[in-house]
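Encoded as structure tokens, the structure appears first; notes follow it.
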Amino acid sequence: MPSQRPPRDPAVGDPVPGPSPTDEALMEAASGGDREAFTELVRRYERPLYAFALRLGGDRTAAEDLFQETWLRVFRGRGTYHAGRRVSPWLHGIMLNAWRDTRPRGSEEPLSPEGAEGSPVSAWGAQDPARSPDEALLAREQEQQVLGALAHLPEEQRVVVLLRHYQGLRLAEIAQVLGCPVGTVKSRLHGALKTLAPLLRAEPPEM
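Everything in the sequence shown is counted per this note's numbering, starting at 92 for the first residue and increasing by one.
Right, here's the structure in full:
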């Protein structure tokens, strides 16, 4: 049987790239020993997971340590990945567990006001380029207020807010991360947003 070649773009004569593999396909390949697939997975999740580590760790040194520990655990446990399982909540769950395992007992680290690139990563769009300088400043102030309030929420509520409004996970995915019913996630999120709403000077985001 002749080998199959990728289709070529008749305009330039170069092969037309095929669809990128899904995160799940990459993780399945990585679990079978494919180092390139694992490297690509790290590349895709480098920014969101580092931002999550920064939110949890409170400073860059702690975030970098947590980031490294998370990927070490992922690599060591890659053979336990179940085919078809959503990768994003699986990775976030590993990082959350690593944070709980490695932080000093009884400590409550403050949330960092900076994201992966040293700028605020707002759950409510503080970096909208369409905003005027005054609006951007107000958004920054609101961001600082929200982060300050988040630091005083119970951990179970704070983590849910981070996963939903900063990491973009769906409610069912958060339930998977935390190992609890979706109804519990909704209850924690509702309680957290009720506390945060006065600081936003607007309606809280929808769940």
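The C-beta atom is built at its ideal place from N, Cα and C for all residues, glycine as well.
Handout entry: Ala263 burial status per 10 Å Cβ neighbour count (16 or more: buried)
Key = Translated into positions along the sequence shown, residue 263 becomes position 172. Exposed, by the Cβ-count rule.
Handout entry: Host alpha helix (DSSP H) of His183 (start-end)
Key = As a first step, residue 183 is located in the sequence shown; it is residue number 92 there, counting from the start. Unbroken alpha helix (DSSP H) run through His183: Val178 to Thr193.
Problem - Span separating the alpha-carbon of Arg255 from that of Val276 - result: Stepping through the sequence shown from its first residue, residue 255 is reached at position 164. Stepping through the sequence shown from its first residue, residue 276 is reached at position 185. Cα to Cα, the separation comes out at about 10 Å.
Handout entry: Residue interval of the alpha helix (DSSP H) (run including Ser122)
Key = Walking along the sequence shown from the start, residue 122 turns up at place 31. Asp114 to Ser122 is the extent of the alpha helix (DSSP H) around Ser122.
Problem - DSSP-derived helix/strand/coil call for Ser111 - result: Within the sequence shown, residue 111 is the residue found at index 20, counting from 1. Looking at Ser111 - three-state DSSP - the assignment turns out to be coil, as it is neither helix nor strand.
Handout entry: Given Ala144 as reference, the closest of Gln235, Ala189 and Val252 once Cα atoms are compared
Key = For the purposes of this step, residue 144 is taken as residue 53 along the sequence shown, with counting starting at 1. Nearest of Gln235, Ala189 and Val252 to Ala144, Cα basis: Ala189.
Exercise for the section: Please state whether DSSP places Tyr37 in a helix, a strand or coil. Expected result: In the structure displayed, the chain extends from 92 to 298; residue 37 sits before or after that span and is not available.
Problem - Short Cβ contact (8 Å threshold) for Arg169 with Ala116 - result: By 1-based counting over the sequence shown, the position of residue 169 is 78. By 1-based counting over the sequence shown, the position of residue 116 is 25. For Arg169 and Ala116, no; Cβs fall outside 8 Å.
Handout entry: Coarse secondary structure for Leu149, derived from DSSP in three states
Key = Taking the first residue of the sequence shown as position 1, residue 149 is located at position 58. The residue asked about is misnamed: residue 149 is Gly in this sequence, not Leu. Coil, per DSSP.
Exercise for the section: Tell me whether Arg164 sits in a helix, a strand or coil according to DSSP, three-state version. Expected result: The residue labelled residue 164 in the question sits at position 73 within the sequence shown. Secondary structure at Arg164: helix, using DSSP grouped into helix, strand and coil.
Problem - alpha helix (DSSP H) runs contained entirely in the stretch 253 to 284, provided each spans 4 or more residues - result: Qualifying alpha helix (DSSP H) stretches, in chain order: 262 to 269.
Exercise for the section: Report the rounded CA-to-CA distance for Thr286 versus Ala240, giving the unit in angstroms. Expected result: As a position in the sequence shown, residue 286 is number 195, starting the count at 1. As a position in the sequence shown, residue 240 is number 149, starting the count at 1. Straight-line Cα distance between these residues: approximately 8 Å.
Exercise for the section: Look up Leu132 in the DSSP assignment and say whether it is helix, strand or coil. Expected result: Your numbering for residue 132 matches position 41 in the sequence shown. In the structure shown, Leu132 sits in a helix (DSSP, three-state: H, G or I).
Exercise for the section: Using the Cα positions of Val212 and Tyr257, report the straight-line distance between them to the nearest angstrom. Expected result: Counting from one through the sequence shown, the residue named residue 212 turns up at place 121. Counting from one through the sequence shown, the residue named residue 257 turns up at place 166. Because the pLDDT of Val212 is 43, which lies under 50, any placement of that residue in the model is unreliable, and the question is left without a value.
Handout entry: DSSP three-state assignment for Pro289, whether helix, strand or coil
Key = Residue numbering aside, residue 289 sits at position 198 when the sequence shown is read from its first letter. Helix, per DSSP.
Exercise for the section: Look at Thr161 and Met186 and say whether their C-beta atoms are less than 8 Å apart. Expected result: For this step, residue 161 is matched to residue 70 along the sequence shown. For this step, residue 186 is matched to residue 95 along the sequence shown. Taking 8 Å as the Cβ cut-off, Thr161 and Met186 qualify as a contacting pair.
Problem - Counted within 10 angstroms of its Cβ, other Cβ atoms place Pro71 as buried (16 or more) or exposed - result: In the structure displayed, the chain extends from 92 to 298; residue 71 sits before or after that span and is not available.
Practice task
Output the distance between the C-alpha atoms of Val250 and Ser278, rounded to the nearest integer angstrom.
Solution key: In the sequence shown, residue 250 corresponds to position 159, counting from 1. In the sequence shown, residue 278 corresponds to position 187, counting from 1. Their Cα atoms are separated by approximately 13 Å.
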